[in-house]
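Take 127 as the starting number for the sequence shown in our numbering and just add one per residue.
Even glycine gets a Cβ: it sits at the ideal position worked out from N, Cα and C.
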Amino acid sequence: MVACPCEVCASTDPKDKRLRSSILVQSSSTTLVVDTTPDFRYQMLRAGVRKLDAVIYTHPHKDHLAGLDDVRAYNFFQHKAMDLYANEMTQEAIVREFPYAFADTKYPGIPDLRLNRIDKDPFTVGDITITPILVWHMKMPVLGFRFGDFTYITDANRIDSIEKEKIRGSEQIVLNALRHEKHLSHFSLQEAITEVQELGVGQAFFTHISHQLGKHSDIQPTLPPGMNLAYDGLVLQA
Ligand SMILES: [Zn+2]
Ligand SMILES: [Zn+2]
Numbered sequence: 127m128v129a130c131p132c133e134v135c136a137s138t139d140p141k142d143k144r145l146r147s148s149i150l151v152q153s154s155s156t157t158l159v160v161d162t163t164p165d166f167r168y169q170m171l172r173a174g175v176r177k178l179d180a181v182i183y184t185h186p187h188k189d190h191l192a193g194l195d196d197v198r199a200y201n202f203f204q205h206k207a208m209d210l211y212a213n214e215m216t217q218e219a220i221v222r223e224f225p226y227a228f229a230d231t232k233y234p235g236i237p238d239l240r241l242n243r244i245d246k247d248p249f250t251v252g253d254i255t256i257t258p259i260l261v262w263h264m265k266m267p268v269l270g271f272r273f274g275d276f277t278y279i280t281d282a283n284r285i286d287s288i289e290k291e292k293i294r295g296s297e298q299i300v301l302n303a304l305r306h307e308k309h310l311s312h313f314s315l316q317e318a319i320t321e322v323q324e325l326g327v328g329q330a331f332f333t334h335i336s337h338q339l340g341k342h343s344d345i346q347p348t349l350p351p352g353m354n355l356a357y358d359g360l361v362l363q364a
């Protein structure tokens with residue numbers, strides 16, 4: 127956290143250097159990113175992502191959306207609009223917060239964006255099939271996504287049992303776990319552990335971690351078998 131002197135923020139362990147939550151999903155021919163965080167530009171530079179086919183959005187909070195303008199670099203090199211997949215609420219926020227990208231007369235160099243609507247049903251981008259999973263972020267509906275046997279859910283504090291059926295059978299899950307203490311709109315670490323156990327997913331990686339959770343090296347050894355703290359740059363193979 128900016129300006130924070132705590133031991134996590136002062137840590138020199140790279141696993142304690144946490145940018146905002148996002149994932150890159152790649153097949154042999156298709157590359158997607160989930161959310162454009164305020165760190166999106168640096169995340170793409172750091173990971174050396176030369177080609178991006180689409181962005182899939184979980185929800186419109188600033189820590190998941192603010193970096194959208196920087197997709198324009200992909201517009202320049204790929205000579206086409208960037209496909210954005212989002213539910214209606216997130217689409218409205220995109221148009222409201224980046225109005226210049228949707229103006230009739232466009233300033234040169236602005237991002238070229240194409241909105242695609244996510245409904246309840248699975249959809250396909252390139253050769254990747256994506257199943258949306260509705261979860262709750264206090265009162266806000268947020269989308270999680272299942273890609274084959276891998277499920278990604280962030281910014282949830284409740285998952286309805288009907289949506290849990292869409293997650294069951296996954297081999298890996300990334301799930302948000304903010305801190306030890308209970309929070310209004312995020313799972314705590316213990317709540318996230320309980321969710322994973324109930325879902326019966328063998329391998330779990332916790333994300334959207336606050337500095338209040340503690341250092342990676344202190345918390346990781348306390349987790350049940352198969353459960354892990356995610357960290358920036360972590361790569362999972364499906
Ligand atoms: Zn949020
Ligand atoms: Zn968030």
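- The way I'd put it, the stretch 129-141 doesn't touch the stretch 155-168; fewer than three beta-carbon pairs between them come closer than 8 Å.
- Under the 8 Å Cβ criterion, the stretch 147-163 counts as touching the stretch 173-182, having at least three qualifying pairs.
- Short of 6 Å from the beta carbon of P186, and not among the five residues preceding or following it, lie these beta carbons of its own chain, in chain order: T216, A219.
- Residue burial is scored here from C-beta neighbours: Q323 has fewer than 16 other C-beta atoms within 10 angstroms and is therefore classed as exposed.
- The beta carbon of D165 sits no closer than 7 Å to any heavy atom of ligand 1.
- In this structure, H190 has its beta carbon less than 7 Å from a heavy atom of ligand 2.
- Following the DSSP letters along the chain, one finds N201 inside the alpha helix (DSSP H) bounded by residues 198-204.
- If only uninterrupted alpha helix (DSSP H) runs of at least 4 residues are considered, those enclosed by the stretch 140-211 are 166-173, 188-191, 198-204.
- With contacts defined by Cβ atoms closer than 8 Å, F331 and V300 form a contacting pair.
- Distances from the CB of H309 to the heavy atoms of ligand 1 are all 7 Å or more.
- When beta bridges are read from the DSSP output, T255 appears opposite T250.
- Relative to ligand 2, the beta carbon of S147 is positioned inside 7 Å of a heavy atom.
- Around the CB of M127, fewer than 16 other CB atoms lie within 10 Å, so the residue is classed as exposed.
- If the five residues before and after Q329 are omitted, its C-beta is found closer than 6 Å to the C-beta atoms of Q298, G352, all from its own chain and listed in chain order.
- Around K292, the same chain offers T257, I259, R272 as residues with beta carbons nearer than 7 Å, after the five sequence neighbours per side are excluded.
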